[in-house]
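Here's the structure, in structure tokens; my notes come after.
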Amino acid sequence: MSELLARHRAVMPNWVALYYDQPIEIVSGKGNHVVDAEGNSYLDFFAGILTNMIGYDVAEVREAVERQIATGVVHTSTVYLLRGQVELAEKIARLSGIPDAKVFFTNSGTEANEAALLLATYARRSNQVLAMRQSYHGKSFGATAVTSNRAWKNNGYSPFTTNFLHGADRHLPQFARLSDSDYVKVCVEDLRHVLATATGGDVAALIAEPIQGVGGFTMAPDGLFAAYKEVLDEHGILFIADEVQTGWGRTGQSFFGIQNHDVVPDAMTFAKGLGNGYAVGGVVARGDLMDAPHAIGLATFGGNPISMAAANATLDYVLDHDLQANAAHTGRIIIEGLREAAGDLPFVGDVRGKGLMFAIELVDAETGTPAPALAAKMMEETKRRGLLGGKGGLYGNVMRMAPPLTLTEAEAREGLAILVDSLKALA
Ligand code: PMP
């Protein structure tokens, strides 16, 4: 055990999960690579955990933050005007596609979801909520209550009554043989049944990830969210899209993940990559919801000037360099390459993804059941070859990856080769 790992174990809680048999300490980063304390360089296919959306040591972000620090004005207070907040809110409101959108900033995705749920439950005067099976929305009291992925859920105590909907569980035997459109029909019937029989009166909101992150990048089929939205609208139930992983062009197809489904949500939450390493999150919602009394201001440092400088620079960079198109292009190379390789490898249960958000599901070659040990081995094989990725899925049998949106075509091919070699080494 390394000296730092021993100290970590002594003073950090034992539930903090560390990746890899020999956990690594990242000490620096440049471009889409990071370097550990032993001098090993890695192509970062996890971008922190989707935090370093445009890679490491980006001059535009560093200079924006340095300019902010140089002003000496580094404190936050929403009792004064903060230019960085207004500028960023204008951009996000415009990009959201939500009519008359208004924006509020937090420090994290968890806080953003907490704020959106407060907003919705207050607006609807109801603590009844809907969420998706296998979901993950954070670990605060409220966010836990809408999280169903047991591996990531800290407890079952809840300020809400939550019903969990189908939509991302095609693998279950009762759904496996259904066509997409039949599956959508079954899910919608189930939603209607839940609303008619399982909720204590009016329901405030549905919260859903357009692509489930820690769930292993599971995706609802086309048409599902639009069909849900129709039913929700009949009842005045709000739709909150959790874009913490899927926002900012990552899926290639559209700027926010829910836009891939032709749904205009009532609110979206965001965090992670927007600050490119600096803490930022927030909610963008219909103005009438956002303006409801009982302010949802959650945290002193939400939208602080340093994070706003970083986030404005990061978002400008994404737009100026059309990184959404880059995500579509480089993601396609990797996903198609992985699918081709998977043809000969019976323990690859699935290759799925959109843009620069893709995953490899590992299963027992004979029984098709989840194989978490293979996923752990895959993580070690890729690390040994100089690539970092993430783990996920209900059974921990999915290797999920979300490189910086700045990934070059050469890096995409290099990463693909490492992944294919590592898969072959598992055979
Ligand atoms: N929502 C989703 C979809 C997430 O993936 C995460 C973090 N993994 C969160 C919310 C929570 O965000 P944070 O860790 O910034 O609180």
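Per the numbering used here: the sequence shown = residues 16 to 442.
Backbone N, C-alpha and C define an ideal beta-carbon position, used for all residues, glycine too.
Quick check on residue i: buried or exposed, where buried means 16 or more other Cβ atoms within 10 Å of its Cβ?
i: Ser196; result: exposed
i: His208; result: exposed
i: Met16; result: exposed
i: Ala223; result: buried
i: Val201; result: exposed
i: Arg367; result: buried
i: Glu81; result: exposed
i: Thr177; result: buried
i: Val161; result: buried
i: Lys45; result: exposed
i: Glu258; result: buried
i: Arg165; result: exposed
i: Ala131; result: buried
i: Asp36; result: exposed
i: Thr136; result: buried
i: Ile84; result: exposed
i: Asp281; result: buried
i: Lys30; result: Rather than Lys, the amino acid found at residue 30 in this sequence is Trp. With fewer than 16 Cβ atoms within 10 Å of its Cβ, Trp30 is classed as exposed.
i: Val76; result: buried
i: Thr382; result: exposed
Starting from residue i, follow the beta strand (DSSP E) in both directions and report where the run begins and ends.
i: Ser43; result: Ile41 to Lys45
i: Phe119; result: Ala116 to Thr121
i: His208; result: No beta strand (DSSP E) holds His208; the alpha helix (DSSP H) holding it covers Asp195 to Thr212.
i: Ala191; result: That residue, Ala191, is in no beta strand (DSSP E); it is neither H nor E in DSSP.
i: Phe285; result: Ala282 to Phe285
i: Asp303; result: Taken as a continuous stretch (DSSP letters only), Asp303 belongs to no beta strand (DSSP E), being part of the alpha helix (DSSP H) at Gly302 to Met305.
i: Leu289; result: Per DSSP, Leu289 belongs to no beta strand (DSSP E) and is neither H nor E.
i: Thr159; result: No beta strand (DSSP E) contains Thr159, which is instead part of the alpha helix (DSSP H) from Phe156 to Ala160.
i: Val49; result: His48 to Asp51
i: Thr176; result: Thr176 to Leu180
Taking the CB atoms as reference points, tell me whether residue i and residue j lie closer together than 7 Å.
i: Ser163; j: Thr125; result: no
i: Phe61; j: Leu403; result: yes
i: Ile64; j: Asp51; result: no
i: Leu377; j: Ala390; result: yes
i: Phe232; j: Arg347; result: no
i: Lys285; j: Leu110; result: The sequence shown places Phe at residue 285, rather than the Lys named in the question. Cβ atoms of Phe285 and Leu110: not closer than 7 Å.
i: Leu371; j: Leu438; result: no
i: Leu180; j: Ala220; result: no
i: Ala235; j: Gly182; result: yes
i: Asn319; j: Glu102; result: no
i: Val49; j: Asp59; result: yes
i: Val435; j: Ala374; result: no
i: Gly264; j: Ala342; result: yes
i: Asp205; j: Arg148; result: no
i: Glu426; j: Asn47; result: yes
i: Thr329; j: Asn291; result: yes
i: Val299; j: Phe240; result: no
i: Gly99; j: Ala324; result: yes
i: Asn122; j: Ala158; result: no
i: Thr266; j: Lys369; result: yes
i: Thr66; j: Lys287; result: yes
i: Gly407; j: Val246; result: no
i: Leu420; j: Met27; result: no
i: Ser141; j: Asp248; result: no
i: Ile349; j: Leu431; result: yes
i: Ala294; j: Ile273; result: no
Tell me which residue opens and which closes the alpha helix (DSSP H) that residue i is part of.
i: Asn29; result: That residue, Asn29, is in no alpha helix (DSSP H); it is neither H nor E in DSSP.
i: Leu441; result: Glu424 to Leu441
i: Tyr57; result: Careful: Tyr57 lies outside any alpha helix (DSSP H), inside the beta strand (DSSP E) at Ser56 to Asp59.
i: Met323; result: Pro320 to Asp335
i: Ala146; result: Here Ala146 belongs to no alpha helix (DSSP H); instead the beta strand (DSSP E) covers Gln143 to Met147.
i: Thr315; result: Where Thr315 is concerned, there is no enclosing alpha helix (DSSP H), given that its DSSP letter is neither H nor E.
i: Ile64; result: Ala62 to Leu65
Could you check whether the Cβ of residue i sits closer than 7 Å to any Cβ belonging to chain D?
i: Leu247; result: Looking at the structure shown, chain D is missing, and only one protein chain is on hand.
Hey, is residue i close to the ligand FMN, as in C-beta under 6 Å from one of its heavy atoms?
i: Ile348; result: Ligands present in the displayed structure are limited to the ligand PMP, and the ligand FMN is not among them.
* Asked: Who's in the neighbourhood of the ligand PMP, going by beta-carbon under 5 Å from any heavy atom, listed in chain order?
  -> One residue list follows from the rule of a beta carbon closer than 5 Å to any heavy atom of the ligand PMP, given in chain order as Ser123, Gly124, Thr125, His152, Gly153, Glu224, Gly228, Asp257, Val259, Gln260 and Ala286.
* Every unbroken alpha helix (DSSP H) within the region 350-419, with a cutoff of 4 residues, ordered by chain -> Listed in chain order, the complete alpha helix (DSSP H) runs (minimum 4 residues) inside the region 350-419 are 387-399.
* **Minimum length 4: unbroken alpha helix (DSSP H) runs contained in the region 215-258** => Correct list: 239-250.
* Which runs of the beta strand (DSSP E) fall wholly inside the region 86-139 and span at least 3 residues, in chain order? -> Counting whole runs of 3 or more residues, the region 86-139 contains the beta strand (DSSP E) stretches 116-121.
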